[in-house]
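Below is one structure, written out as structure tokens, with a few remarks after it.
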């Protein structure tokens, strides 16, 4: 598993660098000082690179007891991956009907419930606060327009 993690992290570092290099060609800002088409890819590439470096460090220089030899690939992990991908695809499909912000809220609420949060107030808070934060950051601060649905937002 350690060798696979090292190879994966090196591949991801290469992908991250390629994403960042290409995003700089797209332009970080548009003509009005707003985020341009290269803004999100640059930061996504940087995040991928940092996480890959952390994985590389943990598997080369990081201290690990030899007794820890458990795998993360089990039935619960597989179920969570299927839930995450399936619900994200459904939210994407619903976004054309109900709007992006509503779909994001429904996705956040469902995922918090499906992935282990059992407290109803926490699920409701995730359903309401996630699209609100998206709207504040992207809609108000960065002036990004979200696709509207039948509710008008």
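Residue numbers (my numbering): 926 to 1078.
C-beta: ideal position from N, C-alpha, C; glycine also.
With 16 other Cβ atoms within 10 Å as the buried cut-off, status of residue i
{"i": "residue 963", "result": "buried"}
{"i": "residue 992", "result": "For residue 992, the predicted structure reports a pLDDT of 48, less than 50, and the residue's modelled location is therefore unreliable. A value from the coordinates is still provided. Answer is exposed; the Cβ neighbour count stays below 16."}
{"i": "residue 948", "result": "buried"}
{"i": "residue 1016", "result": "buried"}
{"i": "residue 1046", "result": "exposed"}
{"i": "residue 1066", "result": "exposed"}
{"i": "residue 1040", "result": "exposed"}
{"i": "residue 1036", "result": "buried"}
{"i": "residue 956", "result": "exposed"}
Whole-Å CB distance - residue i paired with residue j, under 8 Å assumed
{"i": "residue 1072", "j": "residue 1024", "result": "6 Å"}
{"i": "residue 1026", "j": "residue 1075", "result": "About 13 Å separates the two Cβ atoms, so there is no contact after all."}
{"i": "residue 961", "j": "residue 951", "result": "7 Å"}
{"i": "residue 1068", "j": "residue 959", "result": "6 Å"}
Reduced DSSP secondary structure (H/G/I, E/B, other) of residue i
{"i": "residue 958", "result": "coil"}
{"i": "residue 939", "result": "helix"}
{"i": "residue 913", "result": "No information on residue 913 is available, as it lies outside the stretch 926 to 1078 that the chain covers here."}
{"i": "residue 987", "result": "coil"}
{"i": "residue 1041", "result": "coil"}
{"i": "residue 952", "result": "coil"}
{"i": "residue 1011", "result": "helix"}
{"i": "residue 1024", "result": "strand"}
{"i": "residue 974", "result": "helix"}
{"i": "residue 930", "result": "helix"}
{"i": "residue 1071", "result": "coil"}
{"i": "residue 963", "result": "coil"}
{"i": "residue 1048", "result": "helix"}
{"i": "residue 999", "result": "coil"}
Nearest to residue i (by Cα), restricted to the options the options
{"i": "residue 1029", "options": "1007, 1052, 1047, 1043", "result": "1052"}
{"i": "residue 943", "options": "970, 1022, 955, 953", "result": "970"}
{"i": "residue 1049", "options": "974, 1033, 1062, 928", "result": "1033"}
{"i": "residue 976", "options": "953, 940, 1054, 1044", "result": "940"}
{"i": "residue 927", "options": "985, 953, 974", "result": "985"}
{"i": "residue 1018", "options": "1006, 1031, 1007", "result": "1031"}
Contact between the region 1056-1071 and the region 999-1017: three or more CB pairs below 8 Å? no
Three or more C-beta pairs below 8 Å linking the region 979-987 and the region 931-941: yes
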